[in-house]
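To start, the structure itself, in C-alpha cells.
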Amino acid sequence: MRSGSDPAGAASRGVRGTELDPAAPAGHRDGSLRVPWAQLFDKGVRVGFGRTHDRRYTRLLRDLILDGRAHPERVVTHHGTLDDAPDFYATFDRREDGMVKAVLRP
C-alpha cells in the first residue's frame, strides 16, 4: 500500500489527532468533534451513524438477571472506583489482565 492511501490511518489520525482530547466524551473538552471529512472522503472511508437497539433488550435482560437466568458477573471482570478509571482504560486498551468489562462505583 502506498503512503497516504491508508483509509484506517486517515480515520485514526482524524480521531486521535492532536486536536482531540481522548479523555473527553466527545473529543474536545467543550464537547465538539472535528472530523476531516474531505480527507476521509478522498480515502474512501465510510462513516455511519445510528442508534443501538439496547432499549429493546433492557427490560428483558433485567428480568433474566433478576430471575437468575443471566449472569452478568461472568462478563464483569474488574471492579473499582471512578479514580481507577484511567488505569482501567489503559489496561483494557492494552488487552491486559483479562479485562473484559469493569464496573466503576463512585
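If you're matching positions, the sequence shown starts at 113 in this note's numbering and goes up one per residue.
Glycine is no exception: its CB is placed at the ideal position from the N, C-alpha and C atoms.
Just so it is clear, the structure is predicted and the values come from calculations on it, not from any experiment.
*C-beta atoms of Asp209 and Thr203 nearer than 8 Å*: Their beta carbons are under 8 Å apart, which means Asp209 touches Thr203 by this criterion.
*Give a yes or no on whether the C-beta atoms belonging to Lys213 and Thr193 are separated by under 8 Å.*
no
*Could you give the distance in angstroms between the alpha-carbon of Val215 and the alpha-carbon of Arg186?*
12 Å
*Would you report the Cα separation of Arg206 and Pro198, rounded to the nearest angstrom?*
12 Å
*6 Å CB neighbourhood of His191 in its chain, flanking five on each side removed*: Val215
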